[in-house]
Each structure stands twice: as structure tokens, then as C-alpha cells.
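Peer 1: There's a structure below that I have some questions on.
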Amino acid sequence: MHVIFMGPQGAGKGTQATRIAERLDLVHVSTGELFRNAIKAKTPLGVMAKEILDRGDLVPDDITLGIVETRLEEIAASQSESGHARGALFDGFPRTPAQAKGLDELLERRGERLVTVIEITAPRDILVERLSGRRICPNCGATYHIDFSPPKIDSICDNCGHQVIQRADDTPEAIERRLSLYDEQTAPLLHYYRDRGLLQTVDGHRDVDIVSADLIRIIETSAKSIH
Ligand code: ADP
Ligand code: ADP
Ligand code: ZN
Numbered sequence: 006m007h008v009i010f011m012g013p014q015g016a017g018k019g020t021q022a023t024r025i026a027e028r029l030d031l032v033h034v035s036t037g038e039l040f041r042n043a044i045k046a047k048t049p050l051g052v053m054a055k056e057i058l059d060r061g062d063l064v065p066d067d068i069t070l071g072i073v074e075t076r077l078e079e080i081a082a083s084q085s086e087s088g089h090a091r092g093a094l095f096d097g098f099p100r101t102p103a104q105a106k107g108l109d110e111l112l113e114r115r116g117e118r119l120v121t122v123i124e125i126t127a128p129r130d131i132l133v134e135r136l137s138g139r140r141i142c143p144n145c146g147a148t149y150h151i152d153f154s155p156p157k158i159d160s161i162c163d164n165c166g167h168q169v170i171q172r173a174d175d176t177p178e179a180i181e182r183r184l185s186l187y188d189e190q191t192a193p194l195l196h197y198y199r200d201r202g203l204l205q206t207v208d209g210h211r212d213v214d215i216v217s218a219d220l221i222r223i224i225e226t227s228a229k230s231i232h
């Protein structure tokens, strides 16, 4: 069983997925983080993706679908070894109609299914405020905010002690570009999932713990109803 978090940049998808994936026996799959790791490791994919990410553009659909397929294979392999993980929690994927269609085909082939798609929302001015103050740990992927959730010790990741940084694409220009791309290319997917009865919406403009509680409740209810 797989779950998708949708919603604009800054809605809190990554923050929430990091907090709740393990508790629900799901593997957090952030395509953005997979691309950032490839860039850091300077793999051929990373070299190709760097400029695209820095500009705030989207990586081509076939490449994105390819890394997702690889991740699903890895998850299935680790499942058969340890018996853990019920599926993936997708964060930031799919983002285009072609990716959504590609995911359906991939799941069909694999005999796997989506249990729910959750849209996390927040007002536009809040999104910009959150993204402008976002900091991440380049070592472990933890997310912070300079005002709303700063590290305990200034600029040092609580988890791993690494120095936190501002992402290269959290500049005002790239933030604007990404939010527009969301409206144009990704928001239409909400209809696609709503029509199939899979879409639920959660107000992300609330305390992090309250949002987490709502998400956990929805995922557990949806998972129960398919068995
Ligand atoms: P997304 O993955 O949807 O782009 P993030 O999880 O990276 O969003 O969150 C964007 C920024 O907003 C981060 O700096 C994060 O610390 C902050 N943030 C996330 N959720 C909340 C919340 N409920 N209240 C206040 N700030 C939040
Ligand atoms: P954000 O949600 O703030 O854009 P992410 O970490 O999810 O941050 O993604 C960072 C970047 O990685 C995106 O701007 C885009 O260039 C690329 N990316 C991530 N997911 C996808 C996807 N599903 N399709 C195409 N490009 C993607
Ligand atoms: Zn860290």
C-alpha cells in the first residue's frame, strides 16, 4: 500500500513525512531528496539534474519515473528480507499528469496500489514565508525553519550535528517559479485523484503536531478500509 502527499512547496510535506513514515511502517520517498543526493554524489543523474533543480524547473518525467521504479524495487526487496514497511509514502511525486499515469502503470504491473492521496494546504503568503526561512541538513535531510522550528544549537542539526544550510533553490526567484509550476502542472492532478475517490485534504496551516495527528488518522483509516 502506498500513500501520496500532495500540496504546494512549503505546505509541510517533507516535515510531516519525516515525522510519521516510520511510525506507520512506510518508507518516505522524496524525489527531491533523491535528486539532491545524486547531485551531492556527482552521479551522472546528479550532474544532469543540478542545473534543473537550481533553476526550480522539473526533472523530465521519464527520469523521475525511473528513480521511483528503482526505489520501489528496493523497498520490495527489503520487505521480503525483513518483513517490514507496508509501502511508500511519496512526497513531491507525482507532479505532472504523465508522472501520475506512469505511476498507475507501474503499480498495476507490480500488483501494488495507492490507498490514499492527501493534499496538504496553506495560504500562499505562509508558503513563501516558510520557504524563505527553511533550512535543511545536507547530511541527514532534516528540515528546520529559522523562526518556526530552529535547531536547538544555532545552525547545527539536532539529529546529526552537521551544519544546516539554505537550499540553493530557496531563493525568492526559484520559490516563485516552483509555486507557479505547482499551480500549472501539479494542482490539476488533484482532480485526477478526487475523481477516483482517493483524495483527502488536510489544513497544513496549523501546529505541526496537530497536522501529524490528522494525517496519521486518515492513513490508518484508509489502510483499514482496503483490507
Ligand atoms: P514541503 O516539503 O511541503 O515543501 P517542508 O516540510 O519542507 O515543506 O516545510 C517548509 C518549511 O515550513 C520548513 O522550514 C518547515 O520547518 C516549516 N514548516 C512545516 N510545517 C510547519 C507548520 N505546521 N508550522 C510552521 N512551520 C512549518
Ligand atoms: P520543493 O517541493 O520545495 O520543490 P523538493 O525537494 O520536493 O522541493 O524538490 C526539489 C526539486 O527536485 C524540484 O524543484 C524539482 O527540480 C526536482 N523534483 C522533485 N520531485 C520531482 C518530480 N516529481 N518531478 C520532477 N522534478 C522533481
Ligand atoms: Zn542532520
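Here the sequence shown stands for residues 6 to 232, where the numbers follow this note's numbering. Where is the CB? At the ideal position from N, CA and C, for every residue including glycine. No experiment lies behind these values; they were computed from the predicted model shown.
State yes or no: is the C-beta of histidine 33 nearer than 7 Å to some heavy atom of ligand 3?
Peer 2: If you number the sequence shown from 1, residue 33 lands on position 28. Answer for histidine 33: no, Cβ out of range of ligand 3.
Peer 1: Tell me whether asparagine 42 counts as near ligand 3, meaning its Cβ is closer than 7 Å to at least one heavy atom of that ligand.
Peer 2: Against the sequence shown, residue 42 aligns to sequence position 37. For ligand 3, not one heavy atom lies less than 7 Å from the Cβ of asparagine 42.
Peer 1: For a quick check, are the C-beta atoms of valine 120 and valine 8 less than 8 Å apart?
Peer 2: For this step, residue 120 is matched to residue 115 along the sequence shown. For this step, residue 8 is matched to residue 3 along the sequence shown. Result yes, Cβ atoms of valine 120 and valine 8 sit closer than 8 Å.
Peer 1: Keeping to the same chain, check which residues put their C-beta closer than 8 Å to that of threonine 101; ignore five residues upstream and five downstream.
Peer 2: Here residue 101 refers to the residue found at position 96 when the sequence shown is read from its first residue. Closer than 8 Å at Cβ, skipping near neighbours: Leu63, Asp66, Gln190, Thr191, Leu194.
Peer 1: What is the DSSP secondary structure of phenylalanine 10, counted as helix, strand or coil?
Peer 2: Here residue 10 refers to the residue found at position 5 of the sequence shown. For phenylalanine 10, the three-state secondary structure derived from DSSP is strand.
Peer 1: By the 10 Å Cβ neighbour count, where 16 or more other Cβ atoms means buried, how is threonine 48 classified, buried or exposed?
Peer 2: The residue you call residue 48 lines up with position 43 of the sequence shown. So threonine 48 ends up on the exposed side.
Peer 1: Taking Cβ positions only, does lysine 55 come closer than 8 Å to chain C?
Peer 2: The structure shown has no chain C; it contains just one protein chain.
Peer 1: Can you give the Cα-Cα distance for glutamine 168 and glutamate 134, rounded to whole angstroms?
Peer 2: For this step, residue 168 is matched to residue 163 along the sequence shown. For this step, residue 134 is matched to residue 129 along the sequence shown. So the alpha carbons of these two residues sit roughly 22 Å apart.
Peer 1: Counting beta carbon pairs with one atom in the segment 116-132 and one in the segment 13-32, are three or more of them shorter than 8 Å?
Peer 2: yes
Peer 1: DSSP beta-bridge partners for valine 154?
Peer 2: The residue labelled residue 154 in the question sits at position 149 within the sequence shown. Here the sequence assigns serine to residue 154, which means valine is not the residue at that position. Answer is His150, bridged to serine 154.
Peer 1: Can you check DSSP and say which residues form a bridge with serine 35?
Peer 2: As a working note, residue 35 is residue 30 in the sequence shown. Note: serine 35 is bridge-paired with Asp96 in the DSSP secondary-structure output.
Peer 1: Is the CB-CB distance between proline 128 and histidine 210 below 8 Å?
Peer 2: Indexing the sequence shown from 1 puts residue 128 at position 123. Indexing the sequence shown from 1 puts residue 210 at position 205. Yes, these two residues count as a Cβ contact at 8 Å.
Peer 1: Roughly how many angstroms separate the alpha carbons of leucine 220 and alanine 105, rounded to a whole number?
Peer 2: Residue 220 sits at position 215 when you count from the first residue of the sequence shown. Residue 105 sits at position 100 when you count from the first residue of the sequence shown. Distance between the alpha carbons of leucine 220 and alanine 105: 21 Å.
Peer 1: Report yes if the CB atom of leucine 31 is closer than 8 Å to the CB atom of leucine 94, and no otherwise.
Peer 2: For this step, residue 31 is matched to residue 26 along the sequence shown. For this step, residue 94 is matched to residue 89 along the sequence shown. Yes.
Peer 1: Taking just the CA atoms, how far does serine 160 sit from aspartate 59?
Peer 2: The residue labelled residue 59 in the question sits at position 54 within the sequence shown. The residue labelled residue 160 in the question sits at position 155 within the sequence shown. Using only the alpha carbons, I get a separation of about 22 Å.
Peer 1: Using the three-state DSSP reduction, which class does valine 120 fall into: helix, strand or coil?
Peer 2: Looking up residue 120 in the sequence shown gives position 115. Note: valine 120 maps to strand in three-state DSSP.
Peer 1: With threonine 226 as the anchor, note down where its alpha helix (DSSP H) starts and where it stops.
Peer 2: Start at 1 with the first residue of the sequence shown, and residue 226 comes out as number 221. Unbroken alpha helix (DSSP H) run through threonine 226: 213-231.
Peer 1: Please enumerate, following chain order, all residues with a beta carbon closer than 5 Å to at least one heavy atom belonging to ligand 3.
Peer 2: Spelled out in chain order, the answer is Cys142, Asn144, Cys145, Ala147, Cys162, Asn164, Cys165, His167.
Peer 1: Buried or exposed: where does phenylalanine 153 fall if 16 or more other Cβ atoms within 10 Å of its Cβ makes it buried?
Peer 2: Sequence index remark: in the sequence shown, residue 153 carries index 148 (1-based). That one is exposed.
Peer 1: Proline 193: beta carbon under 7 Å from a heavy atom of ligand 2?
Peer 2: On the sequence shown, position 188 is the one that residue 193 refers to. Checking the Cβ of proline 193 against ligand 2 gives no.
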